[in-house]
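Protein chains in written order, with our numbering: chain A, 1236 to 1522; chain B, 196 to 504.
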């Protein structure tokens, strides 16, 4: 019993780290500009397919493709931000939803066109495949790797936001955008950089997700729900909140699948509805 | 409220499919049902300002109620519609107490969460709902003496009639003082109580009415197709109807109907052309509408042909 509980906690936490990477960028950009970007998971898909192409056709090693996935996600998000999104910052939530859902549809069809609708897989190096024995418990190496990357990025982001000048600008813009502008902070520039960073992290998440959940063109829609849950429960603009919400969601999803398989995804939705009714602004949200 | 000549022309045009495109009557009845569903969302989204990503919940409740009734008890369609409307209304009234307390992202996520919960519940309770296989194997009796034929003549006539009746009801509601109060709440929910309009009670009422109409739309789908699939409760259906309404123009009575016609015809054409990639064109259409016509197609129309006052 104990070992199965520990296994569920470990697997769920690793899964949660994946959700954290996929959603943290959306949380911060939503908190800053109130821009509802439903196409965030399309950036993840861009990163995922970049990794598939690079490992498959060009024969790059898996680890070397991860920075490329980050760059691909960041590049696509910056192009979209410059050309389409910035015109709609003052538009209503609904127009933003509509535009970004349109982009999701286009990306789903475009990836189906170029890569077919089949599940893609990726070959990870041998040292990430087996499992690591600690005492009586064995841990899958790839999941340890996921947790390590998740914690590393959490640390880097917290440092960036709490300790640097750029981070102070981002925090000011999240707290009160108009006031930050009044103090001479270039919110548009800070937002563009944050947006690119968020898109890049999503791309990285998409690349890392292939080994765990696979990748097909409907990824952008299937994981949108999970990402929105993390953002809403964690609270807008909160990195720590996203981390906590992603961990809770990952663990409850794993526990639900392990202990109550007949309930399906019922349990996560129940957790989300209950948490939101308790704290509408999210666990760590201020608004 | 007087009828504009264009409105009369529009409703006369809805009869044209009987003569012009008799092979497409089942598509026409799907359009009428989707238009009715979009109309119900327009009441809460366009007029009361409640953004819902889980509206398919009521559509699905109506569809399953009509299906279970026809399968286990009797198959007379009109009473089925009424019962489906009542059940969907009860579910809507119960959930309205939760929904009207929240705004912005929490509201969107809660409506989505409640919709997903219902979808999962229907999926799990396969003894009652048939699970992923859906409900099949029931026949619907003739309506007012007309049998449901394979060309969809009765299906379209029946759907169109129900759509028209519900449209009249909605038209009456939004031009009433209650409808005006809803628009006031949409613009400023805290100021309305100060002039004597209880925001939350009004929103609960509007939400319940929208649930009733969505339930009727779902029941119509069941009765005209003689099947219920789990898809009636899906997130995809909630997202589709939102897209349809905004495409046509939210906050306008005809927005949902025009949106449904364009979306369903486009989907039919593009999927006939190239089944896998029709989403690409729909996506492009959405991006174009937002960038070029920010208030939907009818909003753009109103801008180019301003009304004489």
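Each residue gets a CB set at the ideal place from its N, CA and C atoms; glycine is no exception.
Item: If we ignore side chains and look at the alpha-carbon of each, how far apart do residue 383 (chain B) and residue 234 (chain B) end up?; Value: 23 Å
Item: Looking only at C-alpha atoms, which of A:1358, A:1267, A:1281 sits nearest to residue 1295 (chain A)?; Value: A:1358
Item: Taking residue 472 (chain B) as the query, report the chain A residues whose CB atoms sit under 9 Å from its CB, ordered along the chain.; Value: 1344, 1345, 1347, 1348
Item: Does the separation of the CB atoms of residue 1445 (chain A) and residue 1283 (chain A) fall below 7 Å?; Value: yes
Item: Considering only C-alpha positions, which residue in the set B:236, B:241, B:286, B:243 is nearest to residue 259 (chain B)?; Value: B:286
Item: Could you check the C-alpha separation between residue 1447 (chain A) and residue 439 (chain B) for me, to the nearest Å?; Value: 35 Å
Item: Please compile the residues from chain E whose C-beta is within a distance smaller than 9 Å of the C-beta of residue 1328 (chain A).; Value: No chain E is part of this structure, whose protein chains are labelled A and B.
Item: Use the C-beta contact count for residue 1353 (chain A): other C-beta atoms within 10 angstroms, 16 or more gives buried, fewer gives exposed.; Value: exposed
Item: Does the contact criterion of 3 or more C-beta pairs under 8 Å hold for the segment 1467-1478 of chain A versus the segment 1259-1269 of chain A?; Value: yes
Item: Indicate whether at least one CB of chain B lies closer than 7 Å to the CB of residue 1500 (chain A).; Value: yes
Item: Cα separation between residue 275 (chain B) and residue 1246 (chain A)?; Value: 48 Å
Item: List the residues of chain A whose Cβ lies closer than 8 Å to the Cβ of residue 438 (chain B), in chain order.; Value: 1333, 1336
Item: Just verifying my parser: in three-state terms, what is the DSSP assignment at residue 504 (chain B)?; Value: Model confidence at residue 504 (chain B) stands at a pLDDT of 43, short of 50, so the residue's coordinates are unreliable; what they give is reported in the following sentence. In the structure shown, residue 504 (chain B) sits in coil (DSSP, three-state: anything other than H, G, I, E or B).
Item: Can you grab the Cα-Cα spacing for the pair residue 1517 (chain A) / residue 1464 (chain A), in whole Å?; Value: 10 Å
Item: What are the residues in the segment 400-434 of chain B lying within 9 Å of chain A by C-beta distance?; Value: 430, 431, 434
Item: Using 7 Å as the limit for Cβ to Cβ distance, is residue 312 (chain B) near chain A?; Value: yes
Item: Of all the CB atoms in chain B, is at least one closer than 7 Å to the CB of residue 1340 (chain A)?; Value: yes
Item: Taking the CB atoms as reference points, tell me whether residue 1305 (chain A) and residue 1417 (chain A) lie closer together than 7 Å.; Value: no
Item: Name the two residues that bound the continuous beta strand (DSSP E) containing residue 1473 (chain A).; Value: Where residue 1473 (chain A) is concerned, there is no enclosing beta strand (DSSP E), given that its DSSP letter is neither H nor E.
Item: Do you know offhand how far residue 412 (chain B)'s Cα is from residue 1327 (chain A)'s?; Value: 28 Å
Item: For a contact defined as C-beta to C-beta under 7 Å, what are the partners of residue 1505 (chain A) on chain B?; Value: 312
Item: Give me, in chain order, the residues of the same chain whose beta-carbon lies closer than 8 Å to that of residue 1344 (chain A); leave out the 5 immediate sequence neighbours on both sides.; Value: 1452
Item: Beta strand (DSSP E) containing residue 1374 (chain A): first to last residue?; Value: 1372-1375
Item: If we call anything under 7 Å between Cβ atoms a contact, is residue 427 (chain B) one with residue 232 (chain B)?; Value: no
Item: Would you tell me roughly how many angstroms separate the C-alpha atoms of residue 1350 (chain A) and residue 475 (chain B), rounded to the nearest one?; Value: 15 Å
Item: Measure from the C-beta of residue 1508 (chain A) to each C-beta in chain B and report whether the shortest distance is under 7 Å.; Value: yes
Item: Scan the segment 318-329 of chain B for residues whose Cβ lies nearer than 8 Å to a Cβ of chain A and list them as they occur along the chain.; Value: 318, 319
Item: Can you tell me the Cβ-Cβ gap for residue 291 (chain B) and residue 403 (chain B), rounded? I've got them flagged as a contact below 8 Å.; Value: 6 Å
Item: Is any beta-carbon of chain A found at less than 7 Å from that of residue 503 (chain B)?; Value: Because residue 503 (chain B) sits at a pLDDT of 49, beneath the cut-off of 50, its placement in the model cannot be relied upon, and the following sentence gives the value as read from the coordinates. No - not a single Cβ of chain A is within 7 Å of the one on residue 503 (chain B).
Item: Contact criterion: CB-CB distance below 7 Å. Does residue 441 (chain B) meet it with respect to chain A?; Value: yes
Item: Consider the Cβ of residue 495 (chain B): report whether some Cβ of chain A lies at a distance smaller than 7 Å.; Value: no
Item: May I ask you to report which of helix, strand or coil DSSP gives residue 371 (chain B)?; Value: coil
Item: At a cut-off of 6 Å, is residue 255 (chain B) close to the ligand FMN when judged by its beta-carbon and the heavy atoms of the ligand?; Value: The ligand FMN is not part of this structure, which contains no ligands at all.
Item: Could you give the first and the last residue of the continuous beta strand (DSSP E) run that contains residue 1368 (chain A)?; Value: 1366-1369
Item: Please classify residue 1236 (chain A) as buried or exposed, where buried requires at least 16 neighbouring CB atoms within 10 angstroms.; Value: With a pLDDT of 47 at residue 1236 (chain A), under the threshold of 50, the predicted position of this residue should be treated as unreliable, though the coordinate-derived value follows. That one is exposed.
Item: Label residue 208 (chain B) either buried or exposed according to how many other C-beta atoms from any shown protein chain fall within 10 Å of its C-beta, with 16 as the threshold for buried.; Value: exposed
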